[in-house]
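Visitor: In the working numbering, the protein residues as written are 7 to 293.
Heads up, the beta-carbon is just placed ideally off N, CA and C, and yes, glycines get one too.
Quick caveat, the model's predicted, so the values are computed rather than measured.
Here you go, one structure.
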């Protein structure tokens, strides 16, 4: 029993240490910066790898090849892919941690919290593995599965939180829904093509993979910009509130000054009036 309590205390201490470190990090670098930079960097590295590939091999298209084929491409495309995917995954991971911290009650619901954390961590691991090992290596397949499954779990957990806890149909929920559908579309078309190979002529599984990644990066950019704008609006409203408080304070101070002046004038009036009456009575008495 003592060992159980000791382990629980250790877990709490570790969580507190991580929280403090994250607070310091996001105070220096706002979390949405990680999302914006990660998505832009990822998009640039993939586009660069694509154009480097097609300049040497024009047969490469998004309808006939997976993104992973860039990792074994010519003309430096493999280098762009191998650097871009792991770094993109790391940046986006810190953005997702920032997103989790914005969900006020997520930590109190341990099952959902664990699902979201596990999903984000799995996608990070998958992105790093898939970037380091090429498509010809079995570990790349494992990394790709981790990458797709991780994001699916992460956004599903967030979606359930929004629906069950916040019950708020906002733009974030809409974006998460689009990402979930896109991440389901790729394995769905992959499964259909496996059971019915003729569907490849109609449904391009390669295109659905590209569409999934592009949509995901685009949505992260849009969400990061939206968080930035909300932050600016919040700061403006806080400044306006501070200004209103200062104006009210000045009005209140001015009122007290006027009141003090009025009281002083009234006291002076009473004093001089009393003095005048006293002087008048004294003269009357002496006469």
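Can you say whether residue 180 is buried or exposed, counting buried as having 16 or more other CB atoms within 10 angstroms of its CB?
Guide: That one is exposed.
Visitor: For residue 213, which of 193, 224, 229 has the nearest alpha-carbon?
Guide: Checked all of 193, 224, 229; the closest Cα to residue 213 is 193.
Visitor: Out of 170, 36, 216, state which residue places its alpha-carbon closest to the alpha-carbon of residue 72.
Guide: Here the closest residue by C-alpha is 216.
Visitor: How is residue 14 classed by DSSP in three states: helix, strand or coil?
Guide: Its pLDDT being 45, under 50, residue 14 is placed unreliably by the model, and the measurement read from it follows with that caveat. Note: residue 14 maps to helix in three-state DSSP.
Visitor: Between the beta-carbon of residue 98 and the beta-carbon of residue 226, is there less than 8 Å?
Guide: Yes.
Visitor: Taking the beta carbon of residue 137 as the centre, do at least 16 other beta carbons fall within 10 Å, making it buried, or is it exposed?
Guide: It is buried - the Cβ of residue 137 has at least 16 other Cβ atoms within 10 Å.
Visitor: Would the stretch 88-96 and the stretch 230-237 be scored as touching if the rule is three or more Cβ pairs under 8 Å?
Guide: No, the stretch 88-96 does not touch the stretch 230-237.
Visitor: Is residue 189 near residue 157, with beta carbons less than 8 Å apart?
Guide: Their beta carbons are under 8 Å apart, which means residue 189 touches residue 157 by this criterion.
Visitor: Does residue 106 pass the burial test, meaning 16 or more other C-beta atoms within 10 Å, or should it be called exposed?
Guide: Label assigned to residue 106: buried.
Visitor: Whole alpha helix (DSSP H) runs in the stretch 32-69 with 4 or more residues, listed along the chain?
Guide: Taking only runs of at least 4 residues, the alpha helix (DSSP H) segments lying wholly in the stretch 32-69 are 37-62.
Visitor: Looking only at C-alpha atoms, which of 210, 50, 186 sits nearest to residue 197?
Guide: The candidate whose alpha carbon is nearest that of residue 197 is 210.
Visitor: Alpha carbon to alpha carbon, what distance is there between residue 34 and residue 48?
Guide: Roughly 23 Å separates the two Cα atoms.
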